[in-house]
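Written below as structure tokens is the structure these notes are about.
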Amino acid sequence: MRTLLVYALTLATAAFCPLAASAAGADKVAPGAYCPLPEPGQKRQCLDPARREYEDVFAALDDGAVSDEQLEVLEADVASGAESDKAYLALNSITWVYYRIAQQAAAAPDEDPEVVARLDRLNQLLSSAYEASADSPRFQSAMVDAARDLQNRAPAVPLDCVDDDGQPSECSATEALLRGYAAASGEIGIRGALQKLLERAIGSGS
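Heads up, the sequence shown is in my numbering, so the first residue is 345 and it goes up one at a time.
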């Protein structure tokens, strides 16, 4: 099931947003694209516009922590999804916030429940933004790029999830995020969402 989820989202990404796919891994990304997470010890120039827009947030993260109050403006922009004129700046910024909070959660003894709860809240925020951006497949694709980047790069932080049959299950925070995106794309659970994602991807490529 997990392999199918990633496969479906990968197909959707490739079909909807070739610009973002080709930009992945590049230091310079065209405006209006996802800026991939930097390698350890490196800085990506494509993240500079986001740093300038949300200077207080990045400064707080550089100092080791960011408060809920400092995230309010950024989260409001994220919640607007593709409708925000800062959509990609907000996406790149919240992805970096997510990455740093995941690192903090993994480093905390017994996985600090407050830090884990913040990741869960970010998942809900991002899933809502994904659903709100239904009229912009290109932006949704960039959101999927960001989530897959986090899945590959961020520490795995366990969360309590619900599987497609409605049963409790354990998954990582980033897997829960991808599940949230899939569910937002369908009407009857993850399987229905996956089928719709596949149909859209195949249809867009024909």
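Note that the Cβ used here is the ideal one computed from N, Cα and C, for glycine as well.
Residue i burial status per 10 Å Cβ neighbour count (16 or more: buried)
i	result
Arg492	buried
Gly425	buried
Pro380	buried
Gln448	buried
Asp421	buried
Ala451	exposed
Ala527	buried
Asp489	buried
Ile532	Residue placement at Ile532 is flagged as unreliable, the pLDDT there being 40, under the threshold of 50; the coordinate-derived value follows with that caveat. That one is exposed.
Cβ-Cβ distance between residue i and residue j below 9 Å
i	j	result
Tyr443	Arg523	no
Ser428	Arg395	no
Ala431	Ser485	no
Ala446	Leu494	yes
Ala517	Asp456	no
Cys390	Ala377	yes
Leu435	Pro393	no
Proximity winner among the options, relative to residue i (alpha-carbon distances)
i	options	result
Ala409	Trp440, Gly530, Ser480 and Leu469	Trp440
Leu503	Ala434, Asp479 and Gln468	Gln468
Leu470	Ala520, Pro393, Gly385 and Leu391	Ala520
Val417	Tyr398, Tyr432 and Leu435	Tyr398
Ala461	Asp412, Gln511 and Arg388	Asp412
Ala423	Pro499, Ser472 and Asp509	Ser472
Range covered by the beta strand (DSSP E) that runs through residue i
i	result
Glu514	Pro512 to Ser516
Leu503	Pro502 to Val506
Residue interval of the alpha helix (DSSP H) (run including residue i)
i	result
Asp489	Pro481 to Arg497
Leu381	Element bounds for Leu381: n/a, residue is neither H nor E.
Leu331	Absent from the model: residue 331. The displayed extent of the chain is 345 to 550, so no value can be given.
Ala420	Asp412 to Ala423
Gln447	Ala431 to Ala451
Arg388	Where Arg388 is concerned, there is no enclosing alpha helix (DSSP H), given that its DSSP letter is neither H nor E.
Glu399	Glu399 to Asp406
Proximal residues to residue i (C-beta, below 8 Å), its chain only, five neighbours per side dropped
i	result
Leu415	Val401 and Val441
Glu419	Ile438 and Leu469
Pro382	Arg388 and Leu391
6 Å CB neighbourhood of residue i in its chain, flanking five on each side removed
i	result
Tyr525	Tyr474
Ser513	Cys505 and Asp507
Leu466	Tyr442
Gly510	none
Spatial neighbours of residue i in its chain, beta-carbon cut-off 7 Å, leaving aside the 5 residues before and after
i	result
Ser480	Ala426
Val501	Ala446, Ala449, Ala450, Glu455, Val460, Leu463, Ser516 and Ala517
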